[in-house]
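Scroll down for the structure; my scribbles are underneath it.
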Amino acid sequence: MTSSQALLAPPVPDDDSYSWLHRAAEHGQAVFAVDIRGYGESERPPEMRVPPEEHGPPVRASDAAMDVEAAYEFVRERFGAVHLVGISWGTMTGGTFVTESAPELESLVLCAPVYVPPYDFEEGLAGLGLEPDLDAYYKEEKSTVMKRQGMEETTPLFEAVWETQVASNQGVEGEDAYIAQTGALADVRAGCNGNPVYDAGVIEVPTLVVRGSADPVARRDDALTLYDELGGDETQYLEIGGGTHFMMHGPHRQALYDSVYDFQQRI
Numbered sequence: 001m002t003s004s005q006a007l008l009a010p011p012v013p014d015d016d017s018y019s020w021l022h023r024a025a026e027h028g029q030a031v032f033a034v035d036i037r038g039y040g041e042s043e044r045p046p047e048m049r050v051p052p053e054e055h056g057p058p059v060r061a062s063d064a065a066m067d068v069e070a071a072y073e074f075v076r077e078r079f080g081a082v083h084l085v086g087i088s089w090g091t092m093t094g095g096t097f098v099t100e101s102a103p104e105l106e107s108l109v110l111c112a113p114v115y116v117p118p119y120d121f122e123e124g125l126a127g128l129g130l131e132p133d134l135d136a137y138y139k140e141e142k143s144t145v146m147k148r149q150g151m152e153e154t155t156p157l158f159e160a161v162w163e164t165q166v167a168s169n170q171g172v173e174g175e176d177a178y179i180a181q182t183g184a185l186a187d188v189r190a191g192c193n194g195n196p197v198y199d200a201g202v203i204e205v206p207t208l209v210v211r212g213s214a215d216p217v218a219r220r221d222d223a224l225t226l227y228d229e230l231g232g233d234e235t236q237y238l239e240i241g242g243g244t245h246f247m248m249h250g251p252h253r254q255a256l257y258d259s260v261y262d263f264q265q266r267i
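FYI, in UniProt numbering the residues of the sequence shown are 1 to 267.
Shown next as structure tokens:
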């Protein structure tokens, strides 16, 4: 639901430890982060320029995979080896890209994956205050997000993420709010109904599946189902103790960064 900068390089004052991109660059890696259409600085699709009730979910994994492919081709032309990392819905978009386009990848990392989640989709939507019949997008306001996260006061990290979101092309003009398209939610719904948006059995590149042990969204049984269905021989499953869905913003972030880097270097 966020821009790539808010997720992977939030500008926390005097603290770059929350930037996965910075950490990877310290290891000498050239790092690129993609804003899928409708997110961050990418253009809004037409469905997000009119009232939300006029359309259903506008950007599904199959649409986003085209954006991933464009980014892949850009990087591949300039660098010999490409490692792809997908996070949360990014595991769906990245997984779809790999299965549909068969790119030349050195490795694939599926972090906090959602594949065929075992929970009730409508209950999860209720937590976001949304109805099961998804409109094209919904609005997030600061007070609502803070309440959902159980926060009484903001933190420098929260402010950095929030301000990045609001200042991006997702921001709502004249309001301290941003909008998020619902295609990601529609893809999760498909998984909850037993219809994952990609076939993990087609993926044969070296793949790491990693989740936090305290992640209520990317469940252990779902992550293991994904891992077991992978089609390649070079696969690894890893849990980081105490990690949540957004480990890159939590106290276990360095363990995540290092685990992914180590996997990429072993391949």
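Don't be surprised by glycine CBs; every beta carbon is placed ideally from N, CA and C.
Keep in mind that this is a model prediction, so the values were computed, not measured.
Residue of the options minimising C-alpha distance to residue i
{"i": "Leu238", "options": "Glu159, Met66, Leu208", "result": "Leu208"}
{"i": "Val116", "options": "Pro132, Trp89, Ala102, Tyr137", "result": "Trp89"}
{"i": "Val98", "options": "Arg78, Ala64, Pro58", "result": "Ala64"}
{"i": "Asp135", "options": "Glu41, Pro57, Ile179", "result": "Pro57"}
{"i": "Val34", "options": "Pro13, Pro11, Pro51, Gly86", "result": "Gly86"}
{"i": "Ser3", "options": "Ala180, Pro13, Gln29, Leu226", "result": "Ala180"}
{"i": "Ser259", "options": "Ser17, Arg44, Cys111", "result": "Cys111"}
{"i": "Leu226", "options": "Leu128, Pro118, Tyr261, Arg37", "result": "Pro118"}
{"i": "Gln170", "options": "Asp221, Glu131, Pro46, Tyr39", "result": "Tyr39"}
{"i": "Val114", "options": "Val188, Asp16, His27", "result": "Val188"}
{"i": "His236", "options": "Pro51, Val217, Val210, Thr154", "result": "According to the sequence provided, residue 236 is Gln. The question's His does not apply to it. For the residues Pro51, Val217, Val210, Thr154, the minimum Cα distance to Gln236 belongs to Val210."}
Whole-angstrom distance between residue j and residue i, CA atom to CA atom
{"i": "Phe197", "j": "Glu69", "result": "One point to set straight first is that residue 197 is Val, not Phe, in the sequence displayed. Rounded to the nearest angstrom, the two C-alpha atoms are 17 Å apart."}
{"i": "Leu8", "j": "Ser19", "result": "5 Å"}
{"i": "Thr93", "j": "Ser62", "result": "7 Å"}
{"i": "Tyr257", "j": "Arg23", "result": "7 Å"}
{"i": "Phe74", "j": "Ala167", "result": "26 Å"}
{"i": "Asp215", "j": "Gly243", "result": "6 Å"}
{"i": "Trp162", "j": "Arg76", "result": "32 Å"}
{"i": "Glu175", "j": "Lys142", "result": "10 Å"}
{"i": "Phe158", "j": "Asp133", "result": "30 Å"}
{"i": "Ser101", "j": "Leu185", "result": "23 Å"}
{"i": "Glu54", "j": "Phe79", "result": "42 Å"}
{"i": "Leu125", "j": "Glu131", "result": "7 Å"}
Cβ-Cβ separation, residue j to residue i (assumed contact under 8 Å), whole Å
{"i": "Glu229", "j": "Ala200", "result": "4 Å"}
{"i": "Ala71", "j": "Phe32", "result": "6 Å"}
{"i": "Val205", "j": "Gly232", "result": "6 Å"}
{"i": "His245", "j": "Gly212", "result": "7 Å"}
{"i": "Leu108", "j": "Ile203", "result": "7 Å"}
Range covered by the beta strand (DSSP E) that runs through residue i
{"i": "Tyr72", "result": "No beta strand (DSSP E) contains Tyr72, which is instead part of the alpha helix (DSSP H) from 61 to 76."}
{"i": "Leu108", "result": "107 to 111"}
{"i": "Ala177", "result": "177 to 181"}
{"i": "Gly86", "result": "83 to 87"}
{"i": "Tyr237", "result": "235 to 240"}
With 16 other Cβ atoms within 10 Å as the buried cut-off, status of residue i
{"i": "Gly191", "result": "buried"}
{"i": "Phe263", "result": "buried"}
{"i": "Glu140", "result": "buried"}
{"i": "Ala6", "result": "buried"}
{"i": "Glu106", "result": "exposed"}
{"i": "Met247", "result": "buried"}
{"i": "Val172", "result": "exposed"}
{"i": "Thr182", "result": "buried"}
{"i": "Thr96", "result": "buried"}
{"i": "Ala223", "result": "buried"}
Enclosing alpha helix (DSSP H) for residue i [first to last residue]
{"i": "Gln254", "result": "253 to 266"}
{"i": "Glu159", "result": "156 to 167"}
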